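What follows is a set of notes on a single structure, which appears directly below.
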Amino acid sequence: CGCCLTFAIVFAAMYSVVKHIASKFRKKYAFFLSHQKTASSGFARLLKMELKRCGSGYTSFIDADDLTDLSRLFFYVTNDTKTFVLLATPQVLERKWCAGELTMAKLANVDTLLLSFPGFALPDEDFIRTYNRYVPDFSELVQYGIGVSDVQETFRWLNTVESYDVASKLSKQSLAGVVTHLTKESSLVPEGSPGSMSSYAILADPENMEAVATAHVFGRFMVAIIPEKGISPLVLDMDDDVSRTACYMG
Numbered sequence: 734c735g736c737c738l739t740f741a742i743v744f745a746a747m748y749s750v751v752k753h754i755a756s757k758f759r760k761k762y763a764f765f766l767s768h769q770k771t772a773s774s775g776f777a778r779l780l781k782m783e784l785k786r787c788g789s790g791y792t793s794f795i796d797a798d799d800l801t802d803l804s805r806l807f808f809y810v811t812n813d814t815k816t817f818v819l820l821a822t823p824q825v826l827e828r829k830w831c832a833g834e835l836t837m838a839k840l841a842n843v844d845t846l847l848l849s850f851p852g853f854a855l856p857d858e859d860f861i862r863t864y865n866r867y868v869p870d871f872s873e874l875v876q877y878g879i880g881v882s883d884v885q886e887t888f889r890w891l892n893t894v895e896s897y898d899v900a901s902k903l904s905k906q907s908l909a910g911v912v913t914h915l916t917k918e919s920s921l922v923p924e925g926s927p928g929s930m931s932s933y934a935i936l937a938d939p940e941n942m943e944a945v946a947t948a949h950v951f952g953r954f955m956v957a958i959i960p961e962k963g964i965s966p967l968v969l970d971m972d973d974d975v976s977r978t979a980c981y982m983g
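For the sequence shown, the numbering used here gives the first residue as 734, with consecutive numbering after it.
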């Protein structure tokens, strides 16, 4: 009837308007992965890859991929990020840009999570009070409106921030734990195919988490660039039997 048709048209129009408004408030990045390049760039990229496999809604910002203009770095934190994730390696707070990103996340009330790596400790009061001794070139942050006192207050605030302990050795299970904690949906964590044969074996120091993460990233790039169907790289663990888990060495 005409009444039903009119209702359907009005409902469709209202739905379109609500969807449009919601898109205006949707953040471009679900996660901003703040990290010290020399300590966790491999882990950050691997984490970004895993989150992407979980679904299109789990987008992640990494400066090496997404930053083309340094002056917009903090804009991405304050305006385009849903959850700010600090990959808290032992010396990350001594990196002024990481400290600046964290400070802006606090000032903008962005949801924040610490991924606490082995060896990381929350800053004590002595470190906080003498921070400018650890970062003598702090002046670069001042031009963005970030003062030493802002960073100091942020470091004190860290004690109240949610934290997740990252395992000392990187494995499929430990990485899945991180992804599950970030997405809050364990069913979305991708699972491998146990027992499947691998075409290439990649050797990395199992005691070095960053080396293992980089090896996994390298393996995934191999899949993308080598023109072979069904290629399956394997990052070797200490207990792996190469003769049984890999067809070829490459």
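Cβ coordinates follow ideal geometry from the N, Cα and C atoms, glycine included.
As the structure is a computational prediction, the values presented were derived from the model and not from experiment.
Whole-angstrom C-beta distance between residue j and residue i, which should lie under 8 angstroms
i: Val818; j: Leu766; result: 5 angstroms
i: Tyr877; j: Phe807; result: 6 angstroms
i: Leu803; j: Pro856; result: 25 angstroms between Cβ atoms; not a contact.
i: Thr836; j: Asp883; result: 5 angstroms
i: Val911; j: Leu848; result: 7 angstroms
i: Tyr791; j: Thr913; result: Contact doesn't hold; Cβ gap of about 12 angstroms is too wide.
i: Ser901; j: Pro966; result: 24 angstroms between Cβ atoms; not a contact.
i: Ile879; j: Gly833; result: 5 angstroms
i: Pro823; j: Phe871; result: Actually they are not in contact, since the Cβ atoms of Pro823 and Phe871 sit about 20 angstroms apart, beyond 8 angstroms.
Segment limits, beta strand (DSSP E) that includes residue i
i: Ser896; result: 895–898
i: Tyr708; result: The first residue shown for the chain is 734 and the last is 983, placing residue 708 beyond what the model contains.
i: Val818; result: 814–821
i: Asp847; result: Reading off the sequence shown, one finds Leu at residue 847, where the question assumed Asp. 844–849 is the extent of the beta strand (DSSP E) around Leu847.
i: Ala763; result: 762–767
i: Ala968; result: Inspection of the sequence shows that residue 968 is occupied by Val rather than by Ala. It spans 966–968 - the beta strand (DSSP E) in which Val968 sits, taken as one unbroken run.
Proximity to residue i [Cα-Cα], best of the options
i: Glu940; options: Pro966, Val968, Leu903; result: Leu903
i: Arg862; options: Val881, Leu855, Gly852; result: Val881
i: Tyr867; options: Val912, Arg953, Ala841, Val825; result: Val825
i: Ala934; options: Met955, Ile879, Thr916, Glu943; result: Met955
i: Leu1039; options: Met942, Phe776, Gly790, Trp830; result: The first residue shown for the chain is 734 and the last is 983, placing residue 1039 beyond what the model contains.
i: Asp717; options: Gln906, Phe888, Leu847, Lys839; result: Lying outside 734 to 983, the shown extent of the chain, residue 717 is not represented and no answer is given.
i: Glu918; options: Cys787, Val945, Gln885; result: Cys787
i: Leu820; options: Asp870, Gln906, Ser896; result: Ser896
i: Lys905; options: Ala948, Asp798, Phe853; result: Ala948
i: Ala944; options: Ala854, Lys770, Ala909; result: Lys770
i: Gly775; options: Gln885, Asp870, Ala937, Arg805; result: Ala937
i: Pro869; options: Leu908, Glu827, Glu834; result: Glu827
i: Gly952; options: Ala841, His768, Arg778, Phe764; result: Arg778
i: Ser907; options: Ala946, Phe871, Val875, Gln885; result: Ala946
i: Arg805; options: Leu874, Ile959, Ala909; result: Leu874
i: Leu969; options: Ile958, Met942, Ile959, Ala957; result: Met942
i: Gln885; options: Asp898, Val950, Tyr864; result: Tyr864
Residue-level contact to chain C via CB, residue i, 8 angstroms cutoff
i: Arg889; result: Included in the structure is just one protein chain, with no chain C present.
Where the alpha helix (DSSP H) through residue i begins and ends
i: Leu874; result: 872–875
i: Phe776; result: 770–787
i: Ser882; result: 881–890
i: Leu915; result: 905–916
i: Phe951; result: 942–958
i: Arg862; result: 858–862
i: Leu835; result: 829–840
i: Ala797; result: 796–799
Contact under 8 angstroms by Cβ, residue i with residue j
i: Lys839; j: Lys760; result: no
i: Phe764; j: Ser789; result: no
_Segment contact, 8 angstroms Cβ cut-off, at least three pairs: the segment 775–789 with the segment 809–817_ = no
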